[in-house]
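Take UniProt numbering: the last position of the sequence shown gets the number 276, and nothing is skipped along the way.
We treat Cβ as the ideally placed atom computed from N, Cα and C, and that holds for glycine.
What follows is a set of notes on a single structure, which appears directly below.
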Amino acid sequence: MHNPSQQTPTSASLTESIIAALALVREQKPLVVNITNYVVMNNTANALLAIGASPIMAHSRQEMAEMMHIARSLVINIGTLDSEWIERMLFAVEQANANNKPIVLDPVGCGASVLRTQTARTLAAKANNLIIRGNASEIIALAGEASQTKGVDALDSSDTALAAAQALVTQYHANVVISGEVDYVVTASQTISLSNGHHMMPYVTGMGCSLTALTGAFAAIGETSGLAATAIYAIAGEIAAEQSAGPASLQLNIIDGLYHISAEQICQRLNMDVVA
């Protein structure tokens, strides 16, 4: 039930919180452990470095307990999944829970195979302090509904995944980011839409994976809604697209955009609505 004594965040206050979170990431340079896929390791590490965080791609079970003791967050991306990696991911979640560290789960290709769907659900069920970041089809499939997917590509629009996202928030006590032409950030208390970014971004591999990694950086400093990472990454992509001839240059320019993005650019460009 809504408590009238609690102020509903406005777009202005949310913008201020995004800018403050960016400053904190750049100041604190949090260590983010990534168990991610072979395709995007370089991309996601560079994105984290550009925003000011400190990435480590740690996949060995032998060092995971130590890593999660010193790291500030854990990112798990199931893009290149196999049985050995699943065991490592489960152990990493246990260690993150034991150290009270936030966990960001990217259920890549959830719905495309039984293995991916079951693994994503198992990881989500085991994780405390969870943020889920996926495309619409992945979010719908993770919630147990019928989705349209082609491998790791979404065939559903992000707005059709809102009910599924709200179900995941309730089921896993998680916050959920739905990526798409319009991005949505769904928490127990609010739903926010973001209409930044550029239509060229889906033509570069690892765009969503990089957003997942950045979500881990912001979670590391306490911004666990996913809002700051989603807003900043979309704006960086929008700026980069204006300077890019195609997907190859866009990939490079997004890294530069993350490195240079300013409070002024966020204020000028952020296209955000509090939906509920």
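Specify, as a first and last residue, the run of the alpha helix (DSSP H) that residue i falls within.
i           : result
residue 244 : Unbroken run through residue 244: none, as it is neither H nor E.
residue 204 : Counting along the chain, residue 204 falls outside any alpha helix (DSSP H), and DSSP gives it neither H nor E.
residue 178 : Per DSSP, residue 178 belongs to no alpha helix (DSSP H); it is in the beta strand (DSSP E), 175-179.
residue 266 : 263-269
One question on the structure: do residue i and residue j come within less than 9 Å of each other, judged by their Cβ atoms?
i           : j           : result
residue 182 : residue 10  : no
residue 92  : residue 68  : yes
residue 269 : residue 196 : yes
Using 8 Å for Cβ pairs, my map puts residue i next to residue j. What's the rounded Cβ distance?
i           : j           : result
residue 56  : residue 34  : 7 Å
residue 130 : residue 179 : Not really, about 17 Å apart at Cβ, beyond 8 Å.
residue 119 : residue 79  : Between residue 79 and residue 119 the Cβ distance is about 11 Å, and since that is not below 8 Å, they are no contact.
residue 47  : residue 252 : Actually they do not touch by this definition, with Cβ atoms about 12 Å apart.
residue 163 : residue 176 : In fact, because the Cβ distance is near 11 Å, the residues do not count as touching under 8 Å.
What's the gap between the Cα of residue i and the Cα of residue j?
i           : j           : result
residue 228 : residue 19  : 8 Å
residue 53  : residue 209 : 16 Å
residue 259 : residue 239 : 12 Å
residue 244 : residue 261 : 16 Å
residue 234 : residue 90  : 30 Å
residue 66  : residue 72  : 12 Å
residue 137 : residue 109 : 8 Å
residue 169 : residue 74  : 19 Å
residue 6   : residue 60  : Caution applies to residue 6, whose pLDDT of 46 falls short of 50 and renders its modelled position unreliable; the model cannot decide the point.
Return the chain-ordered list of same chain residues with a C-beta closer than 7 Å to the C-beta of residue i, the five sequence neighbours on each side being excluded.
i           : result
residue 267 : 15
residue 99  : 68 and 69
residue 161 : 136, 139, 140 and 178
Leaving out five residues on either side along the sequence, give the residues of the same chain with a beta carbon under 6 Å from the beta carbon of residue i.
i           : result
residue 95  : 64, 65 and 68
residue 171 : none
How would you write the range of the beta strand (DSSP E) that residue i sits in, first residue to last?
i           : result
residue 130 : 130-135
residue 60  : Counting along the chain, residue 60 falls outside any beta strand (DSSP E), and DSSP gives it neither H nor E.
residue 18  : Residue 18 -> not in any beta strand (DSSP E); alpha helix (DSSP H) instead, spanning 11-28.
residue 76  : 73-77
residue 194 : 191-194
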